[in-house]
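*Asks:*
In full-length UniProt numbering, the protein residues as written are 1 to 459.
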């Protein structure tokens, strides 16, 4: 990926990936998996991120970078008041993508706020699997691979299994879901004795002799002696001990106070004397299986609970500020009839965010429909401008990828059944297995210019 760009000395692989690009290995062209933008004839003067942002400002990747506001206070496992920033997260090409998904997690959850299918597949399962609700029955979509599914079957369909099976190359599947799966590689973090630092001690809360079953990002630093050797040029300042960093899975990068986890590739810097590297590791990179296992379930949960409390306080404070700065009534929006709905939507189409989306090539019918759904189904305004943006992306992707073709909407139970049948009998063809029966039976999607109905498709 992007290797030829690197060979041509245009931009490095890391810089291209960090800006959301994938090289197509044809005509020196890179493209974005999320928005589909393609750009050729790169030069050194072209900044990958700037090009992406200018040519596709509504891209989910770009928007998430613009709205990604990471917590800026150090961890504490107590309820003490958080102090100002002492450290910042260093993005890597791998962690960038994970941070992007984490940023969208709350918006993804809010799309399921009216989900009424608790007897079947739950909203929590859908959210965990990376799907967004489409506001049409139990239809969901992945914004990264454009997989659209509907008519889920209780007790049979597992959203994560469906996503991984039907879209194994999906960025979300590869970055998030597969981190939860167990691979064959085992990394043993054994106690190690070094004359210069003494023996690493195992505290009551930390476990150092466990086995983590998965693959490491930096396998050359999987062994403690290798990580320890990296700290030979560590600054002689009032910082946590080298032993603590090594035990927490970090190796020294050789730059300032930046350390990187050998396992998840997460990096941190700006350390304070009393900071606990293992606690900070679990706080900033909660998906790192190495840090989670090292902490143990109890300590890990305390760290995450502390983080949640801090984030909740931040959200409450932000909500109060927004309330004080606005004269808008944030109570439920009453929509007694369609005439009232039309009037409310018309007023919201004049808002700056609606006009901005129009300038970003979202059609008026799409923006209008999103406001209609929000007010009709949830009787409330969007929590943020980004929520409206995501709603428009969800709707626009349905229009593009359903494209009036019922076969583009998957019925999970039927498709998974056909896949299993073909695995058991490879000679069975798609026609013999009646592949089209795994699709939602619907009429064609209206033309985009006529899109003003209550559903993407008419049952």
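Cβ atoms here follow ideal geometry from the backbone N, Cα and C, with glycine treated the same way.
1) Is residue 30 helix, strand or coil when you go by DSSP?
2) Counting only runs that start and end within the region 213-254, where is the beta strand (DSSP E) found for 3 or more residues in a row?
3) Tell me, to the nearest whole angstrom, how far the beta carbon of residue 367 is from that of residue 359; I am working on the premise that it is less than 8 Å.
4) Once DSSP output is grouped into helix, strand and coil, what is the label at residue 132?
5) So with Cβ pairs under 7 Å, would you call residue 409 a contact of chain B?
6) Are residue 124 and residue 147 closer than 7 Å when you measure CB to CB?
7) Between residue 393 and residue 60, what straight-line distance do the alpha-carbon atoms span, to the nearest angstrom?
8) Terminal residues of the continuous beta strand (DSSP E) containing residue 259?
9) Assess, as a yes-or-no matter, whether the region 398-408 is touched by the region 373-383 under the definition of 3 or more beta carbon pairs within less than 8 Å.
10) Tell me whether the beta-carbon of residue 21 lies closer than 7 Å to the beta-carbon of residue 57.
11) How far does the alpha helix (DSSP H) with residue 420 in it reach, from first residue to last?
12) To the nearest angstrom, report how far apart residue 251 and residue 219 are at their CA atoms.
13) From residue 351 to residue 365, what does the alpha carbon distance come to, in whole angstroms?
14) Tell me the DSSP secondary structure of residue 383 in three-state form.
15) Within 10 angstroms of its Cβ, does residue 16 collect 16 or more other Cβ (buried), or is it exposed?
16) If I follow the unbroken alpha helix (DSSP H) through residue 284, where does it start and stop?
17) CA-CA distance, residue 403 and residue 395?
18) Whole-angstrom Cβ separation of residue 248 and residue 299, contact assumed at under 8 Å?
19) For my contact list, residue 409 and residue 150 are in at a C-beta cut-off of 8 Å; report their separation, rounded to the angstrom.
20) Would you call the CB atoms of residue 107 and residue 387 closer than 7 Å?
21) If we count the other Cβ atoms within 10 Å of its Cβ and call it buried at 16 or more, is residue 347 buried or exposed?
22) Quick check on this structure: which residue in 31, 30, 313, 170 has the alpha carbon closest to the alpha carbon of residue 129?
23) Can you give the Cα-Cα distance for residue 131 and residue 139, rounded to whole angstroms?
24) Residue 197 by DSSP, collapsed to three states: which one?
25) For residue 268, name the three-state secondary structure that DSSP assigns.
26) May I ask which residues mark the beginning and end of the alpha helix (DSSP H) holding residue 339?
*Replies:* Based on what the coordinates show:
1) Translated into the one-based positions of the chain shown, residue 30 becomes position 30. In this structure, residue 30 counts as strand in the three-state DSSP scheme.
2) Unbroken beta strand (DSSP E) runs of no fewer than 3 residues, entirely contained in the region 213-254, are found at 250-252, following chain order.
3) In the chain shown, the residue the question calls residue 367 occupies position 367. In the chain shown, the residue the question calls residue 359 occupies position 359. By a beta-carbon distance limit of 8 Å, residue 367 does not contact residue 359. Their separation comes to about 11 Å.
4) Looking up residue 132 in the chain shown gives position 132. Residue 132 sits in a strand when the DSSP states are folded into three classes.
5) Looking for chain B here will not work: only one protein chain is present.
6) To locate residue 124, count along the chain shown from 1; it is residue 124. To locate residue 147, count along the chain shown from 1; it is residue 147. Contact flag unset, no.
7) As a working mapping, residue 393 is identified with position 393 in the chain shown. As a working mapping, residue 60 is identified with position 60 in the chain shown. C-alpha of residue 393 to C-alpha of residue 60: approximately 8 Å in a straight line.
8) One-based indexing of the chain shown puts residue 259 at position 259. Counting along the chain, residue 259 sits inside the beta strand (DSSP E) bounded by residues 259-261.
9) Because the criterion of three Cβ pairs below 8 Å is not met, the region 373-383 and the region 398-408 do not touch.
10) Taking the chain shown and counting its residues from 1, the one referred to as residue 21 is at position 21. Taking the chain shown and counting its residues from 1, the one referred to as residue 57 is at position 57. Contact: no.
11) Here residue 420 refers to the residue found at position 420 when the chain shown is read from its first residue. Residue 420 -> alpha helix (DSSP H) spans 412-424.
12) On the chain shown, position 251 is the one that residue 251 refers to. On the chain shown, position 219 is the one that residue 219 refers to. Taking the Cα positions, residue 251 is about 12 Å away from residue 219.
13) One-based indexing of the chain shown puts residue 351 at position 351. One-based indexing of the chain shown puts residue 365 at position 365. Taking the straight line from one Cα to the other gives about 15 Å.
14) If you number the chain shown from 1, residue 383 lands on position 383. Coil.
15) As a working note, residue 16 is residue 16 in the chain shown. Burial check for residue 16: the Cβ neighbour count within 10 Å reaches 16 or more, so the residue is buried.
16) Looking up residue 284 in the chain shown gives position 284. Segment 277-284, the alpha helix (DSSP H) holding residue 284.
17) If you number the chain shown from 1, residue 403 lands on position 403. If you number the chain shown from 1, residue 395 lands on position 395. Their Cα atoms are separated by approximately 12 Å.
18) Here residue 248 corresponds to residue number 248 of the chain shown, with the count starting at 1. Here residue 299 corresponds to residue number 299 of the chain shown, with the count starting at 1. In fact, because the Cβ distance is near 12 Å, the residues do not count as touching under 8 Å.
19) Here residue 409 corresponds to residue number 409 of the chain shown, with the count starting at 1. Here residue 150 corresponds to residue number 150 of the chain shown, with the count starting at 1. Sure, about 5 Å apart at Cβ, within 8 Å.
20) Within the chain shown, numbered from 1, the residue matching residue 107 stands at position 107. Within the chain shown, numbered from 1, the residue matching residue 387 stands at position 387. Taking 7 Å as the cut-off, the beta carbon of residue 107 is found closer than this to the beta carbon of residue 387.
21) Within the chain shown, numbered from 1, the residue matching residue 347 stands at position 347. Counting the other Cβ atoms within 10 Å of the Cβ of residue 347 gives fewer than 16, which makes it exposed.
22) By one-based count along the chain shown, residue 129 stands at place 129. Cα-wise, what sits closest to residue 129 is 170.
23) For this step, residue 131 is matched to residue 131 along the chain shown. For this step, residue 139 is matched to residue 139 along the chain shown. Distance between the alpha carbons of residue 131 and residue 139: 9 Å.
24) On the chain shown, residue 197 is found 197 positions in, with the first residue counted as 1. Because the pLDDT at residue 197 is just 38, under 50, the model does not fix this residue reliably, and the point stays unresolved.
25) For the purposes of this step, residue 268 is taken as residue 268 along the chain shown, with counting starting at 1. The three-state secondary structure of residue 268, taken from DSSP, is strand.
26) The residue labelled residue 339 in the question sits at position 339 within the chain shown. Taken as a continuous stretch (DSSP letters only), the alpha helix (DSSP H) holding residue 339 covers 338-348.
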